[in-house]
Amino acid sequence: MVKKLFIVGLILLIPGIWTLFQALSIGPASWALDQSLFWGTPIVNFVFWIGLAHAGTFLSAILLILEVRFQKRISLVAELSTIAAILVASIFPLIHLGIVSRFYFLIPFFNERNIFANFSSPLIWDFVAIFVYLCISIFYIVTHLLSLKHASLLKTRKVLAWILFPLVLWVHTIVSLDFAVTTNNLWQGAYFPIYFILGALFSGLALVVFLLEVQKRRVRKIEELLIAASWLLFVFWIWEFFQKGVWHFEVVFFGFVIVQLLWIPVLRKQKAFRLFVSFSVLISMWLERYVLIIPLDIEWLPVDYGWFALGIGLFLSVFFGLYLLIQKHNPLVFYVSAEESNEKYSRKVLWGILAGAVVFALLYFALNYPLDTSVPLMNWIPVLFPLFSLFAGLSFFALGVYSVVPKKQFFLVSGLLVLILGGAFGAFYAGGDTNLGVESKIISVERVSKNNRPVKDLWASRCASCHGLKGEGNRKFIYEFYPEIQDLTLERLNSQGEDSLTQVVLKGRAFMNPFEGRVSEPEARALIRYMYQLAEEKE
Amino acid sequence: MLISKRTFIKSFGALLGGLLLFGCRKQGEKSLSRVRPVSIPDIKKQIKEAMKNQKPLDSLVAIPVPSSLKAFPNATNRFGMAIDLDLCDGCGECVLACNLENNIPLVNEYQASKNNYMHWIELRDQIPVTCFHCGDAPCEKVCPTGAAVHSPDGVSAMVYARCAGTRFCGVNCPIKIRKFNYVDALDEGLQFISNPEVPVREQGVIEKCSLCLHRIQNARLKAKTIGKEFLGENVTTACAEACPKGAILFGNWLDPNSLLYKKARGRGVYTLSSIAPFDPSVVYFKGVR
Amino acid sequence: MTPLINALACLLALLPASFLWTSPRSIARYGISQALILLCFMLFTFFTGDMEDPMMEFYPLKMWAFCLCVSTLTLTKKRTFFMTLAQGLWFWIVFFGSLSLAYRGEPVNNLSMILLFFGMIGVQFFKQNPKEISLGILIYWVGIWMLF
């Protein structure tokens with residue numbers, strides 16, 4: 009079953025990759041958008057997949073903290089699903105960008121590089137939160153795998169679970185703020201953070217039901233959680249109706265009515281039925297995001313359909329690919345329950361690292377705040393908290409791994425990482441200037457010569473009134489000029505040369521006006537070349 | 256399984272590679288062949304089409320005359336415009352002037368069929384609507400890269416080189432007047448360059464009314480060279496210049512000698528109801544107060 | 833929302849708090865009872881509150897969090913832990929709700945958030961709770977509810 013699904017994933021990736029390249033080469037025009045709908049299906053899929061990434065952490069980290077027993081047997085599957093889902097989710101905002109290569113503008117680095125991350129924008133918070141969530145989720149699962157051999161890592165796992173607990177809720181809260189802070193009154197709502205978290209957990213639980221079913225396992229408690237979440241969400245839908253008067257029957261039907269059928273024991277025993285419910289929940293949650301983000305009827309383009317192939321294909325191939333990889337090394341790993349230990353960090357280490365993390369976050373704040381004091385203090389917290397978590401998580405992780413892996417290996421890997429990160433840091437610090445250069449301000453020569461359109465337009469708008477569209481000279485004006493415009497011939501042009509003619513355009517001569525300031529030097533040159541071309545055509 | 260793992264992986268890899276190449280192929284060929292120089296009649300045609308399918312307009316509400324910006328309380332300039340609805344008859348001359356002044360590209364047939372034009376000024380129910388240059392602009396608040404910023408002069412500006420195209424500003428604009436460059440107009444042959452002073456926007460960035468920033472800057476430069484403080488004299492926007500009825504006024508809300516300031520006296524000042532909370536710099540005049 | 837209705841809401845939220853965790857139930861039934869309580873709060877807000885006021889958008893959620901906070905006083909096991917969590921939920925709702933409302937120009941009440949945050953830290957110091965301290969904490973929460 010696992011292998012089959014892996015192959016299904018790979019096959020789905022074929023249309024998926026096609027979609028990806030279609031989207032990247034054509035840009036946002038390739039999916040359904042217009043001048044009043046700027047966020048389309050990629051954002052729907054992003055919110056959906058990032059929601060799926062929640063159940064993993066919820067089932068493994070939060071229940072570890074709450075000391076719920078059934079968590080132990082399913083934690084690894086759950087953690088793996090988180091990693092795969094975040095990877096899928098993080099592609100969509102990248103594709104969504106108008107200019108994908110400028111994605112790094114969204115990294116809130118210091119302003120030295122003349123890129124000005126706006127700390128009031130929820131997208132910046134999003135970027136930081138998701139990045140940190142991905143990092144710590146990876147630390148968490150690596151610690152889990154290592155702890156199977158080294159019991160001393162169990163305490164690291166517990167600490168990381170504590171760090172992940174608020175962080176996972178943070179991520180979807182921030183995603184909800186992307187909508188809640190806008191001026192669109194269908195998206196406004198101070199209740200959105202909790203509403204979104206519930207939706208995320210709900211869809212994530214449904215996914216885990218499916219993944220466990222693949223392993224031929226079943227955890228009744230998760231089905232109960234599913235029912236509980238469906239009721240809570242139902243109440244939120246009622247509240248949304250009170251607030252905005254919108255009610256989506258299809259969402260409620262798939263997400264609430266069908267889930268209630270789980271109460272019937274006969275149906276609940278059927279594997280097929282449980283799968284049906286889990287898919288129904290996933291459909292409902294996808295639709296919920298869809299009707300929220302795209303409230304009008306739009307006509308889908310092929311790429312809009314392609315996202316499904318891309319998302320599902322990538323998820324299945326990453327999840328089951330990693331699954332097979334891990335299983336190869338340790339065939340029983342998915343069936344043993346995670347161990348517990350009561351070992352704890354010493355107070356000194358614990359508080360030391362936490363204090364370090366606070367100092368790190370405050371330092372970041374102190375270095376960035378003076379550069380733009382217009383941002384309210386409240387808006388900094390969504391950036392500072394993930395940074396705090398990152399520092400703490402990384403420290404605990406490094407400390408734990410250091411104690412179990414061979415020193416040489418550890419220093420090699422961490423040295424490499426420091427080198428890469430340092431390089432990236434330096435590159436950011438040094439470059440990426442967004443001050444407008446002359447080239448980007450005005451059409452450059454290369455741009456002009458690629459096809460002749462722009463320079464033709466320039467000639468038509470600036471020069472043709474006197475020189476004529478084909479360089480033949482405008483009869484009406486010509487009598488008034490002294491000296492007259494000479495006939496446009498190659499000989500005449502060659503006798504003066506490109507450089508001096510460019511100067512004529514820029515500096516002017518007799519009745520020929522100076523164009524300096526109105527056309528740039530490269531444009532003047534391009535115009536002269538165009539005159540050569542016109543002369544050639546004449547002969 | 257019918258096929259061995261190795262052959263499967265091989266054929267899969269080949270297929271992927273093929274698709275990769277297919278996806279990366281140049282999309283331009285087809286469009287280049289049908290390139291035809293853009294002419295002013297083309298622009299006029301699209302303006303006419305846009306005017307035929309006008310979007311609805313929010314209701315108008317009265318607001319006080321714009322005063323100092325909250326973010327720049329000490330600034331001496333706050334440029335803005337007023338559109339006199341008693342004079343305006345919705346002829347659309349301002350749209351054409353704006354198109355030519357700011358090198359606004361045409362749109363392809365697909366976008367045109369969906370009534371999506373790049374025009375910075377739109378007529379909605381016969382009333383010209385453009386960016387209102389809100390003093391407390393919602394678009395600027397959510398732009399993650401600082402591409403949408405407010406100048407101390409009260410212009411809500413766009414730094415195209417900083418725009419990554421997240422389109423959050425467009426989403427957050429209550430009147431959806433911001434325009435996104437879905438295609439590379441230059442390559443598609445949709446660009447009419449009539450004014451080299453205004454940069455041509457690349458594919459993937461948002462654009463909108465700049466209050467003819469280049470004209471303001473030129474005038475400021477002139478004032479600087481003769482050592483005068485610049486308060487927005489001797490400059491006007493292209494739309495104001497072109498309006499046959501003189502219904503559009505450009506000026507400085509903080510300068511008592513500005514024509515705009517004087518004309519506002521006694522007039523009813525209005526804006527769209529969805530814009531009213533954001534302290535707009537561009538307003539409508541209608542009736543008397 | 834008038835102080836009187838605010839006080840009424842406080843009483844309504846206190847009502848289910850005492851018997852929330854008494855009888856053992858399955859997760860699904862717990863979920864349903866939470867949902868129904870939340871629904872009651874929403875109906876209460878809808879019929880007594882001014883729905884034009886954006887502050888009402890998360891009012892029932894605040895009632896719910898307040899109710900959960902108070903209900904932790906009845907717990908016998910892991911009380912401090914759940915007290916922290918419940919206050920965290922309350923803090924979460926108020927903080928992010930206010931953050932989104934701030935973008936719409938609503939005033940932000942920092943003091944209530946600071947008090948809740950210190951409440952979260954504060955309960956760590958009362959590992960064994962005598963009756964008096966429970967009462968003190970209850971008064972602290974009711975104070976936050978009534979004054980902000």
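Chains as they are written, first to last, in this note's numbering: chain A, 9 to 547; chain B, 256 to 544; chain C, 833 to 980.
Glycine included, each C-beta is placed from N, C-alpha and C at the ideal position.
Small disclaimer: the values here were computed from a predicted structure and weren't measured.
| Check | Outcome |
| --- | --- |
| Validate contact between the stretch 437-449 of chain B and the stretch 354-366 of chain B using beta carbons, cut 8 angstroms, 3 pairs | yes |
| Beta strand (DSSP E) segment containing B/Ser411, residue limits | Ser411 to Met413 |
| C-beta atoms of A/Ile205 and A/Thr181 nearer than 9 angstroms | yes |
| B/Met336 - partner residues in DSSP beta bridges | B/Phe505 and B/Val537 |
| Contact check, A/Leu379 vs A/Val289, beta carbons under 9 angstroms | no |
| Neighbour list for A/Trp47 in chain B, Cβ cutoff strictly below 7 angstroms | Arg422 and Val426 |
| Cβ-Cβ distance between B/Arg433 and B/Cys386 below 9 angstroms | yes |
| Test: A/Lys458 CB closer than 9 angstroms to a CB of chain B | For A/Lys458, the predicted structure reports a pLDDT of 44, less than 50, and the residue's modelled location is therefore unreliable. A value from the coordinates is still provided. For A/Lys458, the answer is yes, since a Cβ of chain B falls inside 9 angstroms of its Cβ. |
| Sequence-distant residues of its chain with Cβ nearer than 6 angstroms to B/Ser227 (five each side left out) | Since the first residue shown for chain B is 256 and the last is 544, residue 227 of chain B is missing from the structure and cannot be characterised. |
| Element boundaries [alpha helix (DSSP H), containing A/His180] | Leu162 to Ala188 |
| Entirely enclosed alpha helix (DSSP H) segments - the stretch 319-404 of chain A, minimum 4 residues | 355-376 |
| Span of the beta strand (DSSP E), counted from its first residue to its last, around B/Glu377 | Glu377 to Arg379 |
| C/Gly954, DSSP secondary structure in three states | helix |
| Nearest neighbour of C/Ile925, chosen from C/Leu948, C/Lys894, C/Leu847 and C/Thr908 [CA to CA] | C/Lys894 |
| Closer than 9 angstroms to chain C by CB, A/Leu185 | yes |
| Collapsed DSSP secondary structure at A/Thr90 in the structure displayed | helix |
| Min CB distance A/Glu524 to chain C below 9 angstroms | no |
| Bridge partners - B/Pro383, DSSP secondary structure assignment | B/Leu378 |
| The alpha helix (DSSP H) enclosing A/Val527, as first and last residue numbers | It is not in any alpha helix (DSSP H) - A/Val527 carries neither H nor E in the DSSP assignment. |
| CA nearest to the CA of A/Ala406, picked from A/Phe147, A/Ala518 and A/Glu248 | A/Phe147 |
| Exposure label - A/Lys515; buried when at least 16 CB within 10 Å | exposed |
| Chain-ordered neighbours of B/Val397 on chain A, where CB pairs are closer than 9 angstroms | Asn126, Ser128, Ser129, Pro130, Leu131, Asp186, Val189 and Thr190 |
| B/Arg522 - containing beta strand (DSSP E), residue span | Arg522 to Leu527 |
| Completely contained alpha helix (DSSP H) runs for the stretch 290-337 of chain B, where each covers 4 or more residues | 295-307 |
| Nearest-angstrom Cα separation, counted from A/Val243 out to A/Gly24 | 36 angstroms |
| Under the three-state DSSP convention, the category B/Glu462 falls into | strand |
| Backbone secondary structure at A/Phe244 - three-state DSSP | helix |
| Within-9 angstroms CB hit, A/Pro36 to chain B | yes |
| Cβ-Cβ distance between A/Lys157 and A/Glu351 below 9 angstroms | no |
| DSSP three-state assignment for A/Met9, whether helix, strand or coil | coil |
| Minimum Cβ-Cβ distance from A/Val243 to chain C less than 9 angstroms | yes |
| Rounded separation between B/Val384 and B/Thr526 - CA only | 10 angstroms |
| Beta-carbon spacing of A/Gly197, C/Ser932 below 9 angstroms | yes |
| Extent of the continuous alpha helix (DSSP H) to which B/Ala495 belongs | Ala493 to Ala497 |
| A/Gly48 classed as buried or exposed, judged by whether at least 16 other C-beta atoms fall within 10 angstroms | buried |
| DSSP-derived helix/strand/coil call for B/Arg422 | coil |
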